[in-house]
Each structure stands twice: as structure tokens, then as C-alpha cells.
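Trainee: The structure under discussion is supplied below as C-alpha cells; questions concerning it will follow.
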Amino acid sequence: MSRTQEVLQDVVIKFAGDSGDGMQLTGSQFTNNTALMGIDLATFPDFPAEIRAPQGTLPGVSGFQLRFSSDRVFTPGDACDVLVAMNAAALKTNLTALKKGGKIIANTDGFDAKNLRLANYPEGENPLENNSLENYTVIKMDVTKMTREALADMTMGMKEKDRAKNMFVLGFLYWMYNRDMENTISFLKEKFGKKPDIFESNVRVLKAGYNFGDTTETFTTTYKVEKAKMEPGVYRSIMGNQAVAYGLIAASEKSGLPLFLGSYPITPASDILHELARHKAFGVKTFQAEDEIAAITSAIGAAYGGALGVTTSSGPGIALKGEAMGLAVMLEIPLLIINIQRGGPSTGLPTKTEQSDLMQAYYGRNGECPMPIVSASTPGDCFDAVYEAVRIAVQHMTPVIFLSDGYIANGAEPWKFPKAADLQSIKVAFKEGLAEGEEKYLPYKRDEKLVRPWAIPGTAGLEHRIGGLEKQDVTGNVNYEPDNHEHMVKTRQAKVDMIANYIPEQTLDSGPAKGKVLVLGWGSTYGAIKSACAELQAQGKSVAHAHLRYVRPFPKNLGELLKNYETVLIPEINNGQLIRIIRDVYFVDAKGYNKIKGTPITKGELVEEIGKWL
0 MSRTQEVLQD VVIKFAGDSG DGMQLTGSQF TNNTALMGID LATFPDFPAE
50 IRAPQGTLPG VSGFQLRFSS DRVFTPGDAC DVLVAMNAAA LKTNLTALKK
100 GGKIIANTDG FDAKNLRLAN YPEGENPLEN NSLENYTVIK MDVTKMTREA
150 LADMTMGMKE KDRAKNMFVL GFLYWMYNRD MENTISFLKE KFGKKPDIFE
200 SNVRVLKAGY NFGDTTETFT TTYKVEKAKM EPGVYRSIMG NQAVAYGLIA
250 ASEKSGLPLF LGSYPITPAS DILHELARHK AFGVKTFQAE DEIAAITSAI
300 GAAYGGALGV TTSSGPGIAL KGEAMGLAVM LEIPLLIINI QRGGPSTGLP
350 TKTEQSDLMQ AYYGRNGECP MPIVSASTPG DCFDAVYEAV RIAVQHMTPV
400 IFLSDGYIAN GAEPWKFPKA ADLQSIKVAF KEGLAEGEEK YLPYKRDEKL
450 VRPWAIPGTA GLEHRIGGLE KQDVTGNVNY EPDNHEHMVK TRQAKVDMIA
500 NYIPEQTLDS GPAKGKVLVL GWGSTYGAIK SACAELQAQG KSVAHAHLRY
550 VRPFPKNLGE LLKNYETVLI PEINNGQLIR IIRDVYFVDA KGYNKIKGTP
600 ITKGELVEEI GKWL
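Each residue of the sequence shown is one higher than the last, beginning at 0 in numbering that gives the first Met the number 0.
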């Protein structure tokens, strides 16, 4: 049998099945395999909103989209080349995202009468048999049957055997894209080493899938994607929440401050708690509190005691932390509040992405309660952005809000390991005693940055009172005088505004310094904006891209930058939040492009929208 090999530049695969079919594991294994080969990639895990929707139903579909390319990529792709559909519901949910002429790898066992009924197909209609898929290449395989055949002589229950069927699909795709299986076998050994039956069943089925591709006459073409041209260095595949955890550890090591995380589990932020809990060797202390208020107040206590205090949550939990955030502003202590955003309001869309909490970060507390806001734009960028958020918190004695979202948190990309020596230093200065001529410790006496001293409780001579009641300037005593309150409100605001003198000026990501359209973004819209602008710039269009990391205060030169363009377009996965702040601060008639569907903005959508303003 003659085989041909085709070299492809760019491939988008979507793995889709029931939430018990192991699609996230399959996708992440294929991702790790891709990263090891030096191929650039971007991923988008798509979790079902229900914790355990009935098997085979549309709400229970779990997906994992992976794009890999020999060129640099910045999005997981607008449309898929290959759809792996483990059942009828997976096909129905994802078919619109498949390119015409794309491949469907269908597990025929998932298209029986029961599954078709659960997926709401009309009685007697099977999409695999009624010519409705004639615009696609359909590869049918009874994955369940072949998995059971591969494990026929193993003494396991049928349910246990069926759990390995995702490995059959993974093995077949490894064959299809000329991959080595060793890294997945190593992963399985690490995961199931103490359960030899489960380890052996998974490896057997993985190899059976690979051999199925190799020995079946139907498949005559395999595909290969070459390495991407990337800056030399050591890379790994990293997800946003992992990068946040590593950024916090790096900041702890660089500052010399012990890291304390007070957290309450919530989707999609919980993985930061899980990851940090694994790194006790770095002196990390993690505390899973009984609720959101206990989580943040424990972190405030840690910060008061001289640690790097961090709390993590998502929008609903941030709402519950509101009063304690005000307490941290009043105390003027360094604290990091991490919000991994999701769709709202209330419990909203727990597993879907949205840039829904910028207004909450700006204004969502009682009273005049200003806090710096730092935003990450890609999974790898979470490391640098959270490191910078810690630097601001510690050096300006203020709580800082760090914003990411579900798309960044669960997405992955290749990340170049930073060298510890290249990381900016985070200088910490505790007040260690009364200075010469100082008779009494004055906890709210400020330096040129309007920063008050950080004194650790128990230091002789530095005893002081803290609490949420208004402070008298300099002494820190409780004070209700009108003039003092106004002075303190304006001082706290001025301190945050002054941070603009200690952050970099805003630069362009790409495009001309003056022109027709500036696309201004923040957070996870980065990849779509970068890709859309690159496409239009290649056509000679006058379009530039700037992306904000510092959302409060803004970089000092941002206002001037905005004036250099006829139109400022702000794409957001919300109903228009940054745009209101930009219009308010700079009196710029910015235009919005808003998508609020729980899914990221695509490159195609943006190319079309920018075109309207060109």
C-alpha cells in the first residue's frame, strides 16, 4: 500500500465529546506533544457549563480546540480543519465551526438511536448516513468496539475499558500527523504507575489507534507540520493559571517575601490554588478558606504580617470580597486580588469567557476606593503581568487587582523560560525601628511616592492601630473630621495616579505611529487583534494595534497616542467597559466592537469590523 506525506502549514483540530469522554486530556496530550516538537500552538478548552449534564445531551458537550502551525500563531483559529466527534451531540454542537471540506472523525458508536435522540436529531435521521455531510470528508470508526477488542483479554469491567477510548482517537491522530507517542506513554506511567491495569489499558488502546491508521487501506495520506521559527531558548507549553502561579512564586523569591494565598474555590480560578499548593518547597503557604470573605481577610492578615498576601477568585467571589478590598485600601498594605473573569452577572456562565469585570475592578466598592489594575493578554503573559502587579503592590503599598479570564486561564501556548537574573528586582523596605530624632512611629507619614512605611507587627517601638475607619493623616488615629476625610480620599487617589510615573509608556504592538485606525485592546482580545491587524497591514492598510497591560492608572502617554489616529476601535468581550473609561478620561469618540456570547472574538470578525472604519 503506497503512502503519501503532505506538508501542512497550519492545522486546527477540535476534540469534542461527552464530558466523560476525556476530550480535555486528549487535547492537552496532543498539545504537549506539539510543543515538544517546537511547533507554535494556541488552544481553547471549551468546558460544559453543567457539572454533570446527562450523557449524550447538547449541554454536556466538552470541547478542546488546538491550532498548530509552522508560523507564529496568536489565536486557536476561527474554523476547524478536523473535528473529532465522539457522539451525535458533539457533531451537532460543533459542525458550524468546521471548514467546508474539513475532516470529521466520527465514533459511530456515539451515533446509535439513543445518542441521536438525546442530541435532538429527528426520528430516523442519522447525519452519518443521510448525505447531510457530503461537503466534508467523514472518517467513520467504531472507537468503542475497537477499544474493547484491544482490551479483550484484560479482566476489567466494560465501563473501565470504555474509559480508554479517548486514547484510541489520540493514537490515530498521532499516526495521521506523524507523531511519536513516547511523551504520552511517559505521562500515563506517571499518572497511573500505581494502577498497572489502567496504565496498560491506556497504552494498549493508544497503540491500537496508531496501528489502525497504519494498517487500514482507507488512509493513504499522513500530514506533517514543520517547526515554527521562534526565538531560541527553552520552551514549554503553559496555561494561563499555571503562569500566574509561577509568576507569584518568582515574585516571592525575588522580593524575599513569603507567599501566602488565601482562596476559596471557584471556576475558572481554582487551578491557581491547586498549582501553588504543589510548591511548598518554595515556602508557599496555601489556605483554602470556608468562604470568599475569610479568603481575602486571611490574605490581608498575611500582608499586615509582612508576607506577600494574595487572594484569587472570579467575578461572583470578587463581589463578596468588596468590603475587605476597601479595608486593604484603607490600611494601604500590599495585597494582590486576582480575578479570573467569566460570564456574569451573578453565577452567569461559569465555564465561558467574558471580559465582564473591568467596571467592577474600577468602581465595584463602596466609597472612593481606588486600586491599580493590571491585565494579562495571553497565557504566557500572565507570568510577566502578575509579577509586575506584585512589584506595584509592594513598592507602592497598595492592593492591586490583576485581571485574566477563562480563555487565558485554560488556554495554552509555548512559553520561553525566563532567566531569574533577567527579572526586574522587587525591592522591599520594612521599617525596622524609629529613625534618629523620631520620637513616635507615624504609620501614615509618606515618602515622595505618597507611600506609607510597612512595619511588621511586634517590631519594638512601631506599635500601631489598623482598621477600616477613616485615618487621621500621618498619625493613623481614627478621625471623622470633614477636612481630614477629603484630604485622605484625595491622597489615596493621588498615590494611585502617581504610579503612572513608575510604569512604562504605552507602545504600539504593530502598525504606523499615525494613521486611520488604532485598535486598542486589553486582556484576551490580544491574539485576535494582532492577527487581524497583521492581515490588514499586509494588504497595505493604515491600521495599528496597541494593547494595555496597565489599565489603572493608564500609561502617561496614552492620551497623546490616541490622538494620532482618525478612529480608535475598542473590541471587547463585554457590553463596552474599557470604551466608557477611555471616553471619560480622554474625551475620545472611540468606537466599540462587542461580542457577549461566552466565546472569544475571532480574527475574521475583527478584519470585517476594522474594514468598516478604513
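A virtual CB, placed ideally from N, CA and C, is assigned to each residue, including glycine.
Can you tell which of D39, T397, P126 and Q423 has the C-alpha that lies nearest to the C-alpha of Y443?
Mentor: Working through the sequence shown from its first residue, we reach residue 443 at position 444. The option with the nearest alpha carbon to Y443 is T397.
Trainee: According to DSSP, is Y501 part of a helix, a strand, or is it coil?
Mentor: What you label residue 501 is simply residue 502 of the sequence shown in a count that begins at 1. Correct three-state label for Y501: helix.
Trainee: If you check the beta carbons only, do I339 and A388 fall under 7 Å apart?
Mentor: Here the question's residue 339 lines up with position 340 in the sequence shown. Here the question's residue 388 lines up with position 389 in the sequence shown. Contact: no.
Trainee: In angstroms, rounded to a whole number, what distance separates the CA positions of G76 and A360?
Mentor: Translated into positions along the sequence shown, residue 76 becomes position 77. Translated into positions along the sequence shown, residue 360 becomes position 361. Cα to Cα, the separation comes out at about 30 Å.
Trainee: Hey, how far is the Cα of S185 from the Cα of P195?
Mentor: For the purposes of this step, residue 185 is identified with residue 186 of the sequence shown, where counting begins at 1. For the purposes of this step, residue 195 is identified with residue 196 of the sequence shown, where counting begins at 1. When rounded, the distance between both Cα atoms is 13 Å.
Trainee: Compare the beta carbon distance of V427 and F401 with 7 Å and say whether it is the shorter of the two.
Mentor: In the sequence shown, the residue the question calls residue 427 occupies position 428. In the sequence shown, the residue the question calls residue 401 occupies position 402. No, the pair does not count as a contact, with Cβ atoms beyond the cut-off.
Trainee: Does the Cβ of Q576 have 16 or more other Cβ atoms within 10 Å, making it buried, or fewer, making it exposed?
Mentor: For this step, residue 576 is matched to residue 577 along the sequence shown. Classification for Q576: buried.
Trainee: Which residues share a DSSP beta bridge with F63?
Mentor: Numbered from 1 along the sequence shown, position 64 holds the residue referred to as residue 63. Looking at the DSSP output, F63 shares a beta bridge with F14 and P44.
Trainee: What does R235 pair with, by DSSP beta-bridge criteria?
Mentor: In the sequence shown, residue 235 corresponds to position 236, counting from 1. W414, per the DSSP bridge assignment.
Trainee: If L117 sits next to G55, beta carbons under 8 Å apart, how far is it from one beta carbon to the other, in whole angstroms?
Mentor: Position 118 of the sequence shown, counting from 1, holds the residue named residue 117. Position 56 of the sequence shown, counting from 1, holds the residue named residue 55. Contact holds; Cβ gap of about 4 Å.
Trainee: Strictly by DSSP, which residues pair up with G261?
Mentor: As a working note, residue 261 is residue 262 in the sequence shown. Answer is F286 and T310.
Trainee: Could you give the residue range of the beta strand (DSSP E) that holds Q340?
Mentor: The residue given as residue 340 occupies position 341 in the sequence shown. Element bounds for Q340: L334 to Q340.
Trainee: Can you find the residues in the same chain that come closer than 8 Å, C-beta to C-beta, to D666, ignoring five residues on each side of it along the sequence?
Mentor: Look at the range of the chain in this structure, 0 to 613, and you will see that residue 666 is not part of it.
Trainee: Please state the DSSP three-state secondary structure of N492.
Mentor: Counting from 1 along the sequence shown, the entry for residue 492 is found at position 493. The question names Asn, yet the displayed sequence has Gln at residue 492. Of the three classes helix, strand and coil, the one that applies to Q492 here is helix, per DSSP.
Trainee: Near I600, which residues of its chain fall below 7 Å by C-beta distance, leaving aside the five closest residues on each side in sequence?
Mentor: Locating residue 600 in the sequence shown gives position 601, counting from the first residue. Counting only residues of its own chain and dropping the five nearest sequence neighbours on each side, I600 has a CB closer than 7 Å to the CB of T524, A527, P570, I572 and K594.
Trainee: Could you have a look at K253 and say whether DSSP puts it in helix, strand or coil?
Mentor: Looking up residue 253 in the sequence shown gives position 254. It is helical.
Trainee: Work out the CA separation of P257 and T490 for me, nearest whole Å.
Mentor: Position 491 of the sequence shown holds residue 490. Position 258 of the sequence shown holds residue 257. Taking the straight line joining both Cα atoms gives about 29 Å.
Trainee: Quick test of the definition: if touching needs 3 or more C-beta pairs under 8 Å, does the segment 348-367 touch the segment 209-225?
Mentor: no
Trainee: Going by other Cβ atoms of all chains shown within 10 Å of its Cβ, with 16 needed for buried, is D380 buried or exposed?
Mentor: Residue numbering aside, residue 380 sits at position 381 when the sequence shown is read from its first letter. Buried is the call here.
Trainee: According to DSSP, E5 sits in a beta bridge with which residue or residues?
Mentor: Counting from 1 along the sequence shown, the entry for residue 5 is found at position 6. Y222.
Trainee: Measuring CB to CB, does L561 end up less than 7 Å from V516?
Mentor: Within the sequence shown, numbered from 1, the residue matching residue 561 stands at position 562. Within the sequence shown, numbered from 1, the residue matching residue 516 stands at position 517. Against a cut-off of 7 Å, the Cβ pair of V516 and L561 comes out as no contact.
Trainee: CA-CA distance, K91 and T215?
Mentor: As a working note, residue 91 is residue 92 in the sequence shown. As a working note, residue 215 is residue 216 in the sequence shown. Here the alpha carbon of K91 sits roughly 27 Å from the alpha carbon of T215.
Trainee: Closer than 6 Å by C-beta to V477: which residues in its own chain qualify, once you throw out the five before and the five after it? Chain order, please.
Mentor: In the sequence shown, the residue the question calls residue 477 occupies position 478. Once the five neighbours on either side are set aside, the close Cβ partners of V477 are L468.
Trainee: Using CA coordinates, which residue listed in R66, E124, S61 and D111 is at the minimum distance from N93?
Mentor: Translated into positions along the sequence shown, residue 93 becomes position 94. Comparing Cα-Cα distances from N93 to each of R66, E124, S61 and D111, the minimum goes to S61.
Trainee: Only counting the same chain, and skipping five residues up and downstream in sequence, which positions put a Cβ closer than 7 Å to that of G19?
Mentor: The residue labelled residue 19 in the question sits at position 20 within the sequence shown. These residues qualify, in order along the chain: Q54.
Trainee: By a C-beta neighbour count over all protein chains shown, 10 Å radius and 16 as the cutoff for buried, is K602 buried or exposed?
Mentor: Here residue 602 refers to the residue found at position 603 when the sequence shown is read from its first residue. The residue in question, K602, is buried, as its Cβ has 16 or more Cβ neighbours within 10 Å.
Trainee: Assign N593 to one of three DSSP states: helix, strand, or coil.
Mentor: Numbered from 1 along the sequence shown, position 594 holds the residue referred to as residue 593. Strand, per DSSP.
Trainee: Given this structure, state the Cα-to-Cα distance separating T183 from N32, to the nearest angstrom.
Mentor: On the sequence shown, residue 183 is found 184 positions in, with the first residue counted as 1. On the sequence shown, residue 32 is found 33 positions in, with the first residue counted as 1. For T183 and N32, the distance between alpha carbons rounds to 8 Å.
Trainee: Ignore the nearest five residues each way along the sequence and tell me which others in V81's own chain have a CB closer than 6 Å to its CB.
Mentor: On the sequence shown, position 82 is the one that residue 81 refers to. Same-chain partners within the cutoff: I12 and K102.
Trainee: Using the C-alpha atoms, what's the distance from Q241 back to K279?
Mentor: Position 280 of the sequence shown, counted from the start, is the residue given in the question as residue 279. Position 242 of the sequence shown, counted from the start, is the residue given in the question as residue 241. Rounded to whole angstroms, K279 to Q241 spans 15 Å at the Cα level.
Trainee: Is the segment 361-368 close to the segment 333-352, with three or more CB pairs under 8 Å?
Mentor: no
Trainee: Cα-Cα, which of T217, A459 and V542 is closest to E607?
Mentor: Taking the first residue of the sequence shown as position 1, residue 607 is located at position 608. Relative to the Cα of E607, the nearest Cα in the group T217, A459 and V542 belongs to V542.
Trainee: Pick from G246, G304 and A293: whose alpha carbon is nearest that of F281?
Mentor: Walking along the sequence shown from the start, residue 281 turns up at place 282. Measuring from the Cα of F281, the nearest candidate turns out to be G246.
Trainee: Which parts of the segment 82-170 are runs of the alpha helix (DSSP H), unbroken and 4 residues or longer, counting only runs that do not cross its ends?
Mentor: 87-93, 112-117, 142-149 and 157-161
Trainee: Between the beta-carbon of P378 and the beta-carbon of G347, is there less than 7 Å?
Mentor: To locate residue 378, count along the sequence shown from 1; it is residue 379. To locate residue 347, count along the sequence shown from 1; it is residue 348. In terms of Cβ geometry, P378 and G347 do not form a close pair [threshold 7 Å].
Trainee: From N556 to E504, what does the alpha carbon distance come to, in whole angstroms?
Mentor: On the sequence shown, residue 556 is found 557 positions in, with the first residue counted as 1. On the sequence shown, residue 504 is found 505 positions in, with the first residue counted as 1. Their Cα atoms are separated by approximately 6 Å.
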